[in-house]
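Residue numbers (this note's numbering): 19 to 238.
If you want it as C-alpha cells, here you go:
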C-alpha cells in the first residue's frame, strides 16, 4: 500500500500487512502497558467498523516490527505529533509532553485502508487542554498547495474544534501521498486524550459520532 512515509514516521501507521479479513481478530493484550494505560484503553478492531482488524506498527524507518499494540515513547510521540507536510507550520510546535502513550494500528486489508489510535495520558487536565488548543490551532494552518507540486503536502480541513473534541479531515498530495483521505478524531476527558486517524475513501461516509462514543467509553 502506498502509505506516505510522512504518515509512517508521524504515528507509526501500519502498511496493510498483518491479519487478513478472514483471520481471527485478537483483542487488545492487557499485558502491553504504557504507564497506567493497557489494552483496554484502545478499541477492539471491530469497533472501527466492518472489515477492520489489527495491523503492524512501523518503526521510524518505515519497517514493520510485527506488533500492533505498542507503548510509544512520550518524547518521540510528542515530537511526531505536528503534521508533516503542513504549509502553514514554519517552525516545530511545542506541545505538553505526555506521561504515557499506547498505540494500536489497524487495517481493512480488503479495502486497502489503515488506521491508528493512540491513548495519551497527560500529567494534568490543564496540560491535556493545552494540547487540544495548540493542536487545533496548528492544523488550522494547513492549506492545500496553490498549484500541483511534487513535494509532499498535507492539506487539513478542521470541521470542529474545542477543548474536548477535534474533528478534521486531511488529504495528501505529492511524492509518497497515500491513496485515500484521512479522517481524524481527537477526544479529551480530564487528563486523557484519545487520537484516531482513519483512512476513509473519498465520498464514503465516516461515522464520527459512533467513533467518538467508542473513544469516550475508553477514556472516561
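Positions of the beta carbon are idealized from the N, C-alpha and C atoms, including for glycine.
| Item | Value |
| --- | --- |
| Straight-line Cα distance separating residue 190 from residue 161 | 11 Å |
| Cross-strand partners of residue 132 (DSSP beta bridge) | 125 |
| Three CB pairs or more closer than 8 Å across the segment 110 to 120 and the segment 138 to 152 | yes |
| Backbone secondary structure at residue 152 - three-state DSSP | helix |
| Residue 92 versus residue 119: straight-line alpha-carbon distance, rounded | 6 Å |
| Cα-Cα separation between residue 204 and residue 165, rounded to whole angstroms | 30 Å |
| Stretch-stretch touch, CB-based, cutoff 8 Å, three pairs: the segment 202 to 219 with the segment 169 to 183 | yes |
| Bridge partner(s) assigned by DSSP for residue 210 | 139, 207 |
| Residue 147, DSSP secondary structure in three states | helix |
| Nonlocal neighbours in the same chain, by C-beta distance under 8 Å from residue 167, ignoring five residues either side | 191, 192 |
| Classification of residue 90 by the beta-carbon crowding that lies within 10 angstroms, buried from 16 upward | buried |
| Endpoints, alpha helix (DSSP H) assigned at residue 231 | 226 to 237 |
| Local Cβ density within 10 Å of residue 128, reported as buried at 16 or more and exposed below that | exposed |
| Beta-ladder partner(s) of residue 215, from DSSP | 134, 202 |
| Element boundaries [alpha helix (DSSP H), containing residue 98] | 92 to 98 |
| Residue 61 versus residue 221: straight-line alpha-carbon distance, rounded | 25 Å |
| 6 Å CB neighbourhood of residue 174 in its chain, flanking five on each side removed | 157, 160, 186, 188 |
| Burial state of residue 227 (16 or more Cβ within 10 Å) | exposed |
| C-beta contact flag for residue 232 and residue 121 at 8 Å | no |
| Classification of residue 41 by the beta-carbon crowding that lies within 10 angstroms, buried from 16 upward | Only weak support is given to the placement of residue 41: the predicted model assigns it a pLDDT of 36, under 50, and the value that follows is read from those uncertain coordinates. Exposed is the call here. |
| Bridge partner(s) assigned by DSSP for residue 55 | 52 |
| Per-residue burial, residue 123 [other beta carbons within 10 Å of its own, 16 or more giving buried] | buried |
| Residue of 108, 137, 218, 169 minimising C-alpha distance to residue 69 | 218 |
| Collapsed DSSP secondary structure at residue 68 in the structure displayed | coil |
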